[in-house]
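Here's the structure we're looking at; comments come further down.
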Amino acid sequence: MMRAIVICALLAGCAAPPPVTITKIKLVQPDIPAALLDCPGDPVVPVAARQSQVAAYIAQLWEAHAICANHLGAVRRTLQATASTR
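Each step along the sequence shown adds one to the number in the working numbering, with nothing skipped, and position 34 is 28.
Here is the structure:
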């Protein structure tokens, strides 16, 4: 009887402790170049005497919009790539 009590005491002393769960949260800051965070300003409105001057101004507006849209698209893709790796 005494032997059974000693064996139970020894086995209880050798039991493994409960597993410890460690949770690490890693904040990932995406690297977005500063050049992508700016858009070109609006072109100066010309004092137009001819339709060709107005057309050139509209073309400059479209170009500024295209550059800004490309920058925004690059930032969006960078953020989506960062979110998909989590």
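Even glycine gets a Cβ: it sits at the ideal position worked out from N, Cα and C.
ILE26 and THR72 have their alpha carbons spaced roughly 7 Å apart.
The DSSP-derived three-state label of ILE19 is coil. Distance from the CA atom of ILE1 to the CA atom of ALA75, rounded to whole angstroms, is 58 Å. Secondary structure note for CYS62: its alpha helix (DSSP H) is the uninterrupted segment 45 to 78. Ranking ARG(-3), MET(-4) and ALA29 by CA distance to the CA of HIS65 puts ALA29 first.
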